[in-house]
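Notes to accompany the following structure.
In the working numbering, the protein residues as written are 618 to 1051.
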């Protein structure tokens, strides 16, 4: 089926990240649950490492079998495995894209990513659904459409569309209409698939780590964390033809510079915080940048202001942006460079006072971020309005829909739920899953 397809895509869920220490909390098979098996859980999803499945899918892409990946998870494990950001649709948000942060249960998908999803829903000729129970999210239309196209062909056996293949421990609504259904762990199936395709030797080993490699000639000065990107300086739209993956087209007058040194300012070009200003705090040991946002307008409660928060930029985003690639074909980069004056003017207009001094090297307290180098002079306003605390029933509903506990805990923290309440909620969930 895979060899006969020309436009195969994969549609993945939380199940492919269980082996990385991220529990899906949706499986009914208790002995494979991280909690039940007493397997370690990563305390911070940003520290998780790619699984065998992530690495085999990357190998399939590099061998030309896999054309596109629709990722429901937020964990950035495909990119850590070497899969290109420009061929990955993180439809539910990402931990490492400030322009597409993790989308809450009641949030809205990005219009451009939703359109891209439907483009591949129509274009694919085989959908490989891995580690997902397909329990009713909007994007489940992708595997559903693949199954229907296969069944509606005059000659299903010899038709152009190969249908839907499902590898998952749980039952799904599409088992009966799939072309092939395998009840097994994805990390058991995928290495066997790599061997059958003859690409096992090219799959990166488990100890492989992503090596940062921006486009040639894009680095302004070695070690400076300043990069030339062929996008407009105002809207972050693509301005050239360097999307082929070669050298950055530094001859264009419309190029802009991403200044990712501590203290620099950026302005988001899309997502729920579009138009908001943030300041670069520094870079962690893994080479990803942390951006701090203060006095942002609440995306769900008009007129309310959010507590200061941080978003992260994966270093693979720099690799893609310097090669002229945005969030989707022809799409924008997550942010553009901004000046301290622009950030201060925006803060003053919002009634939030000064966003920060803009000087490099100032101190900032941020408990739990000791591994982050660099600092920021921006201070968090003491009078910043707290986010509303929601009824815990909302988070119980998220559990029922199969959202990972880590994502729910992050959402609770963003909603201003007290740490004690979060811990008690997590403990009750673990107890009920045992």
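All C-beta atoms, glycine included, are put in the ideal place defined by N, C-alpha and C.
Cutoff 7 Å; reference residue i; Cβ partners in own chain excluding five residues on either side
i: residue 789; result: 750, 751, 783
i: residue 623; result: 742
i: residue 683; result: 625, 627, 674, 677
i: residue 984; result: Model confidence at residue 984 stands at a pLDDT of 32, short of 50, so the residue's coordinates are unreliable and nothing is read from them.
i: residue 1023; result: 639, 662
Residue i: first and last residue of the uninterrupted beta strand (DSSP E) it sits in
i: residue 883; result: 882-885
i: residue 627; result: 625-629
i: residue 875; result: 873-876
i: residue 828; result: Residue 828 -> no beta strand (DSSP E), and no H or E assigned at all.
Residue i (DSSP reduced to helix, strand or coil)
i: residue 619; result: coil
i: residue 1036; result: helix
i: residue 995; result: Low confidence applies here, because residue 995 scores a pLDDT of 32, under 50, leaving its location unreliable and the question unanswered by this model.
i: residue 668; result: coil
i: residue 633; result: helix
i: residue 846; result: strand
i: residue 1046; result: helix
i: residue 727; result: coil
Own chain, CB closer than 8 Å to residue i, minus 5 neighbours either side, in chain order
i: residue 959; result: 882, 884, 894
i: residue 706; result: 685, 686, 687, 688, 730, 733, 734, 737, 945
i: residue 700; result: 671, 674, 675, 678, 686
i: residue 680; result: 814, 816, 819
i: residue 717; result: 707, 710, 711, 727, 730, 887, 888, 944, 951
i: residue 768; result: 780, 794
Cβ-based neighbour list, residue i, same chain, cut-off 6 Å, excluding 5 preceding and 5 following
i: residue 950; result: 848, 853, 938, 943
i: residue 935; result: 831, 844
i: residue 891; result: 885
i: residue 719; result: 691, 710
i: residue 872; result: 845, 847
i: residue 1036; result: none
i: residue 766; result: 778
i: residue 875; result: 844, 846
heavy atom of the ligand ZN below 8 Å from residue i C-beta
i: residue 631; result: The ligand ZN is not part of the structure shown, which contains no ligands of any sort.
Requested in this report: Write down every uninterrupted run of the beta strand (DSSP E) in the region 674-722 whose length is 3 residues or greater and which is fully enclosed by it, in chain order.
Outcome: 683-688, 705-707
Query raised in the report: Counting only runs that start and end within the region 739-822, where is the alpha helix (DSSP H) found for 4 or more residues in a row?
Result: 758-769, 803-814
Report task. With a floor of 4 residues, list each alpha helix (DSSP H) that falls wholly inside the region 896-965, ordered by position along the chain. Result -> 932-938
Query raised in the report: Quick check: the region 666-673 against the region 792-801, are there 3 or more CB pairs under 8 Å?
Result: no
Query raised in the report: Should the region 915-927 be called in touch with the region 806-825, which here means at least 3 C-beta pairs below 8 Å?
Result: no
Report task. Say whether the region 704-719 touches the region 835-851, bearing in mind that this needs 3 or more beta-carbon pairs closer than 8 Å, one atom from each stretch. Result -> no
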